[in-house]
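Step one of this worksheet: look at the structure below.
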Ligand SMILES: C[S@@+](CC[C@H](N)C(=O)[O-])C[C@H]1O[C@@H](n2cnc3c(N)ncnc32)[C@H](O)[C@@H]1O
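In full-length UniProt numbering, the protein residues as written are 1 to 173.
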């Protein structure tokens, strides 16, 4: 994504967006260090949308439970070994936040595990995270096992609910 014409940084004290030419190659880099479990930012600038897209984040298990981020947080890429969690588990949306899963140093790109929010992604992609436990194609949680999910630090509750539903669904022969 190239720099959008009207771009204004939303968290200039916390992050910088490194815009890269080419398809979806931009990323969000931390300007500060954070300890594991520390809250990095509230997820506060968003609107609900019924339409899932590559830039939306799922926030529940009902059809249309998606939010559109109107902040630099939209540039957080996926990693199979993420350093932050997008925690939208509270019923109180003012509690939704991004939290460090491990130590984050100034200069580190921020990454979260997309299947921790997304059951079935609108736009799957081949992961370039380069981690040892990289899953390859990222399509959402629906094709992953409980083991593959639970080793990523944090997964939102609706993903566990949807996984349970899938496991209890009678198979159609
Ligand atoms: C919400 S955007 C994140 C910001 C994006 N990098 C950009 O330049 O706009 C999500 C898209 O970024 C790309 N992306 C994110 N993480 C990736 C990864 N680990 N490997 C390859 N592409 C990734 C995918 O195209 C994905 O659909």
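For each residue, glycine too, the CB sits at the ideal point set by N, CA and C.
Cutoff 7 Å; reference residue i; Cβ partners in own chain excluding five residues on either side
i	result
residue 18	26, 27 and 29
residue 75	17, 26, 27 and 28
residue 54	122 and 123
residue 5	none
Bounding residues of the alpha helix (DSSP H) (the contiguous stretch that carries residue i)
i	result
residue 165	157 to 168
residue 26	Counting along the chain, residue 26 falls outside any alpha helix (DSSP H), and DSSP gives it neither H nor E.
residue 149	146 to 150
Beta carbon of residue i nearer than 8 Å to that of residue j
i	j	result
residue 121	residue 143	no
residue 45	residue 78	no
residue 116	residue 80	no
residue 50	residue 60	no
For residue j and residue i, believed in contact at Cβ under 8 Å, the rounded distance
i	j	result
residue 162	residue 118	Residue 162 to residue 118, Cβ: 10 Å. No contact.
residue 129	residue 136	10 Å between Cβ atoms; not a contact.
Cβ shell of residue i (< 6 Å), same chain only, five flanking positions each side left out
i	result
residue 96	43 and 88
residue 47	68
residue 34	40, 100 and 104
Residue span of the beta strand (DSSP E) that contains residue i, given as start and end
i	result
residue 81	No beta strand (DSSP E) contains residue 81, which DSSP labels as neither H nor E.
residue 18	15 to 18
residue 98	97 to 100
residue 69	66 to 69
residue 40	39 to 42
residue 45	No beta strand (DSSP E) holds residue 45; DSSP gives it neither H nor E.
Inter-residue Cα distance where the pair is residue i and residue j
i	j	result
residue 14	residue 99	13 Å
residue 109	residue 164	33 Å
residue 32	residue 170	49 Å
residue 134	residue 145	14 Å
residue 152	residue 111	11 Å
residue 66	residue 124	16 Å
residue 158	residue 72	25 Å
residue 38	residue 166	33 Å
residue 93	residue 85	15 Å
residue 107	residue 90	29 Å
residue 8	residue 52	24 Å
residue 168	residue 56	28 Å
Cutoff 8 Å: residue i Cβ touching any chain B Cβ
i	result
residue 128	Checking the listed chains, one finds no chain B in this structure; it contains a single protein chain.
Residue i CB to nearest heavy atom of ligand 2 below 7 Å
i	result
residue 125	With respect to ligand 2, the structure shown offers nothing to examine, as its ligands consist of ligand 1.
8 Å CB neighbourhood of residue i in its chain, flanking five on each side removed
i	result
residue 155	113, 115, 116, 141 and 149
residue 102	36, 83 and 153
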